[in-house]
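Following: one structure in structure tokens, then a few remarks.
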Amino acid sequence: MAWTHECRLGEASNPGPHSIRFFSWNLGSLNTQKDLLLQLLNKYDVDVCLLQEHRVKAAAQARTARDLRSAGWQAFWGPPRACGYGEMILVHRRYSAGSLQDSQQICSVALRLAGGDLARVASVYAPIKKRGTQEAFFGELAMWQDKPGVWFSGGDFNTDLLEIHPCSGHFGHTMLGTWRSSVKHSWCHPIDGFVGCGSLKPANVVGLHNEVTTQHAPLICDVPGKLHAEDRIAWALPRPVSRPWSAQDDAAFHDAIARNDSQTAWSTWLGCALGLTGQETPYRTAKGAVVAKDTDAVLGLMNRLRRLSAEASVTGWTPRKHAQYEATEVELRNSLNDRRRSAIAAWKIRMRDVSQASKWVKQGPTKPLALLRADGKPALTPTEQGCAVRREWLPFWTEACPAQVRKQVLAAQTFSEVVASKATPFPGLPEWTIQDIRAQVRSTAAGLDGISFQHIGDLEDEHLQRLVDLFNAFDKGLPFPASWSNARLVCIPKDDGSARPLSILHTVYRMWAARTAKHFGEWCSWFPDELVGGRNGAPSAVDTGNEVSSWLAASHFDDAFLAGACLDTIKCFDTVSLHSLKALLRHAGAPICMFNVVSIWESLTRHVWLCDGPTGVTIKAAEQRGLPQGDPLAPWALNLVMAAWVWSLPKLDLLRVFLDDRCLLNKDVDVLASALRATRVFDAAFGLSIHPLKSCRFFVGPAQDDVSAAEWRRLPLKESVKYLGVMLETASGADCTLGDHRASVVRSKVLRARLLPNRETRRGLLAAYLQGLYAEGTPVSQLVIDKLRTAVVQAWWGPTLHPHNYMRSTALTLGLLAPLHRMDPSMIQCYSAVVALARLSLRSQPVVRVLWRACSRLRGTVVGFARLVRRSLKVLGWTWPDWEHVCPREDCAIRLTDLARKDREGQKAKHVLRCELRSWWWKHWDGSRICHEGLSSGIDRRRTLQPLIELGCRRRTFGWDGSDLGARYARFLADALWSRHRLFKASKVADARCRRCGLDDEHTDHFLWSCGANDAARRELAVAWTAAMVPGGVPAAALPGCLPQCMRQTGVITLNCGFTDGQIQALQRYFVRVLCEWAAHRQDAAEEQDAEGDPFHALLSEESD
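Residue numbering for the sequence shown follows the numbering used here, starting at 10 and increasing by one per position.
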């Protein structure tokens, strides 16, 4: 069937009761047209909106989606296109839709029709080139007719739709005259339209020519059918209002505690402290479109522009109308800029909080969960998605039949007897105080009732004192209120496509449980040493992974056989039998409050939440099992179970457990197979089961053929295994795939953290991200390290006016200003390797001796942690003369056992290690830089940074004048100031002539020393220099030629420089004064690369998107 163009102009009628209204618009930019778009969608009662050329950057899509969601629309972004414009689809929140990822070029979503079928809808922006790319695009669109279900598409086809037949046999409607080159020309080519299959034939196509001033006109059409509408629910957040405690309230509260009526006591406290009854429903009906209060003026200006355009299309464009149109455009632009500036100012204030800044850096496009209905079709409605989550997790949380439960409890009694022989009496919980409650306030999610930690932290002491009494009663055995058994269930997507079910319990309960878990960990010093974490003094996960890797490396060097197994448990937290756990608690002598916690877990009702909000679906099994992830006491309970497992095994060479990650090493395969058989018996008693695919076995040394070890050989064999973030290697050859992937993820966070306005917050987050990556010793390729180092240096300074500022000094930034062992990727890895080796020397000296012999050999292959240690020592040029000492140089030796201590001697050894790393850094990185000449003797970091510290503290020792001189002086130390000569070389200015004297080009030496504007400062320097000079010292007449290059051009003070403290302070005061006067004569702030310019221009452009 040929294309038709039956269409009309004018107002669109209201859609019929059995029709779907589509809206299509190539709007040019969603950033500038968002207010008008929302007004048109509400005015014409649109169901589905197809947009082209939204021009929203990927970094700003999450924020734009939140804004649209608050206005009542779901946003679905199309695949990235080479043109960079992008398409998106908006679906009203009353309808259900899901994104389709089966197209590489077309933005498509699935809609649920009233009958239950799916409809495929696309927003089309065809390529402009008519040869090759456009034909391929229409070819993909034509293939839709072979896919099941109905489909509909609309948008900008970038060709005359009256001349092509992309989907033969289907209906198509075009709008004759939907595009114009500017507001001065009439509408012309029919390049926008709709295409649909037979059952979705577009009708009543209307063009809104007089509503917009863009080049493309919006189109509206109705198609027969009806979308599945479902009432959305939203979170009913409380509005707490406190009231004083009366004598009657206080008496009722304490009487309820005395008669063990926790629900009445909780309701009384809730009414006085927050003004709530505890019976409020957590849900409310979701609102529709919400228009911001500050958009009235913007919408008024847009209406004026549309009115002028409509009048000019009839009467013609006169000079007066052109002037009115341009003036209105300027006013509209200024209004949008004011709104943007105010929003960014509020954002800067929020980003001073570390938790808010960390969440902002980590947030990004989250991969949605692939949820399916029972019939295998995609789950689109909230109810369908909630039911899909319940269908997936309810079998894991449902206890087995009563007969099997009794069998498990009887088996658990056997393992509990060993726990009873090991456990020590419980010392009791200390009394709560108001300070204890305030110490538990943190910025985590609120419970189902909406009460947050901040609500509790803002209460007066009289309310918290009653909460102290309630917590003390809980410690003594008072049952928890029944309302605390409701929790929010949030499924966190994982990289492998699965999800982690996070149960967010009541906020007040989590405050009590967090402190209780801490004291339980102090009590359980009798836990076996093989447990990683869960008690005071336990080794960290990083040290444990390096220890296991060291055992494998030692056996590989000795060519001795060593077999191992890493066991992964299927949904470990979610399948623990609570009946078996109570048997362990009874024999361990746990307090009664822990049994009340288990009662909460047994009666837990989980309310399913997705990223869009609540679904209204709850999950509760008749007989429940599993430890809810998100409860502070759940890890301790799992550690108790794993402690019983450790005591049930035969003696092994090495056994390490971190929650559900279990690693076993032994030289005899038969013993290892016996341990695996005992593990299966233990797991059956507690409802656990070993994952058949994620669990694996490995070995080093010559292979052994032992038929009796069938239990071990049943596991999959691997050469490299990831355990606690460390790659366990059994063969030579480093695999950097894991490390490079993790480094790329950290680099993306670093690049985003670069935009944070607060310097301290930004630099603190950088150190946290880098420590988390490199402390585990994962091998990373040198190319990835170099890229990450560049990102860290740029993020250290923050955003600048020139994004390609190559004048930053990596060495000075990371070696002088920043803590080197926390900020430079290569140094972090070397520092962490030496510290991990020191900690290993305290726990396993025989393994360290073998590693020393392996690393001492110049030839021969080593694997795992031994290869990391050898590579670090080789990079640094250090020696390892004996297993106890590492020598950075001949006259310096660091004792490994001292380095692992936590007392004053340990701090002193770490200080020596950091100083030696910094010394190596200077020699390695700064040998070729002219301005760093003279650093071979080393750097006096304390005296070098003294002016920077004084200026940062706003002291007047070095002439602080109320400005941010510290930032300029920091760039001076890093040789990152932009002189006129550098600006001229970078084509930023027309000439390099000095602006203060006009006699010579403004090189660094010129504006610091030889410029005539510095004569007064030079005279003051000479006087102060002479006054501080000692007999036989350097006279003032020798300045600046007597200074090393690093002191003369960057202010870096070397060790044993031969100058007194008074002379150095005089020199530094001179530098501060010259820099201040030099910056004052800079006419163009855009030329300045220090804090006097606005460093947030790049941030403004990104946030405006």
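C-beta: ideal position from N, C-alpha, C; glycine also.
Counting only runs of 3+ residues, the beta strand (DSSP E) found wholly inside the region 535-611 occupies 571-576, in chain order.
When secondary structure is reduced to three states using DSSP, Cys1055 falls in the helix class.
Check the Cα spacing between Leu561 and each of Ser741, Pro488, Arg1082, Leu960: the tightest is with Ser741. Taking the CA atoms as reference points, Trp1087 sits about 44 Å from Trp887. When Cβ pairs closer than 8 Å are counted between the two stretches, the region 876-884 is seen to touch the region 830-849, the count reaching three or more. DSSP places Asp201 within a strand segment (E or B) once states are collapsed to three.
Secondary structure at Asn269: coil, using DSSP grouped into helix, strand and coil. Selection Gln838, Gln394, Asp891, Arg848 evaluated against Cys864 yields Asp891 as nearest (Cα-Cα).
For Leu673, the CB contacts under 7 Å within the same chain, skipping 5 residues up- and downstream, are Gly573, Ala574, Leu661, Leu664, Leu681, Ala684 in chain order. Distance from the CA of Cys230 to the CA of Arg30, rounded to the nearest whole angstrom, comes to 6 Å. Closest in C-alpha terms to Phe570, from the list Pro502, Asn675, Cys533, comes Asn675.
Contact annotation: His565 and Leu457 have beta-carbon atoms that are not nearer than 8 Å. Contact check for Tyr292 against Gly625 passes: the beta carbons are separated by less than 8 Å.
Burial check for Cys620: the Cβ neighbour count within 10 Å stays below 16, so the residue is exposed. The bridge partners DSSP lists for Ile98 are Leu59, Phe85. Thr327 and Arg798 have their C-alpha atoms roughly 59 Å apart. For Phe529, the closest of Asn605, Pro436, Leu122 by C-alpha to C-alpha distance is Pro436. Secondary structure at Leu926: helix, using DSSP grouped into helix, strand and coil. Distance from the Cα of Leu236 is smallest, within the candidate group Val57, Asp568, Ile794, for Val57. Here the C-alpha atom of Pro490 lies approximately 9 Å from the C-alpha atom of Ser276. DSSP places Gly280 in the helix class (H, G or I) of the three-state scheme. The beta carbon of Thr819 is closer than 6 Å to those of Val802 in its chain, skipping five residues each way along the sequence. At a Cβ-Cβ threshold of 8 Å, Leu341 and Leu310 count as neighbours. The alpha-carbon separation between Tyr334 and Thr222 amounts to approximately 11 Å. Apart from sequence neighbours up to five positions away, the residues of its chain that approach Cys581 with a beta-carbon distance below 6 Å are Asp669, ordered along the chain. The residues Phe570, Val678, in chain order, have a CB closer than 7 Å to that of Gln713 in the same chain once the five nearest residues on each side in sequence are set aside. Per the C-alpha coordinates, the member of Leu733, Ala128, His596, Gly202 positioned closest to Gly164 is Gly202. Exposed is the label assigned to Glu769, since fewer than 16 other Cβ atoms lie within 10 Å of its Cβ. Distance check between Ser105 and each of Gly748, Asn767, Glu393 places Glu393 closest, using alpha-carbon atoms only. Close CB contacts of His830 within its chain, under the 7 Å cut and outside five residues either way in sequence, are with Met836, Ile837, Tyr840, Arg923, Leu926 (chain order). Gly915 and Pro1053 do not touch by the CB rule: their CB atoms are close to 35 Å apart, not below 8 Å.
Partner residues in a beta bridge of Ala135, as assigned by DSSP, do not exist. The criterion of a C-beta distance shorter than 8 Å is satisfied by His472 and Ser251. Every unbroken stretch of the beta strand (DSSP E) spanning 3 or more residues and falling wholly within the region 231-269 is given here in chain order: 242-244. Of Thr627, Thr442, Ala74, the smallest CA-CA separation from His101 is found for Ala74.
Note that the region 450-466 does not touch the region 416-426; fewer than 3 beta-carbon pairs, one per stretch, sit closer than 8 Å.
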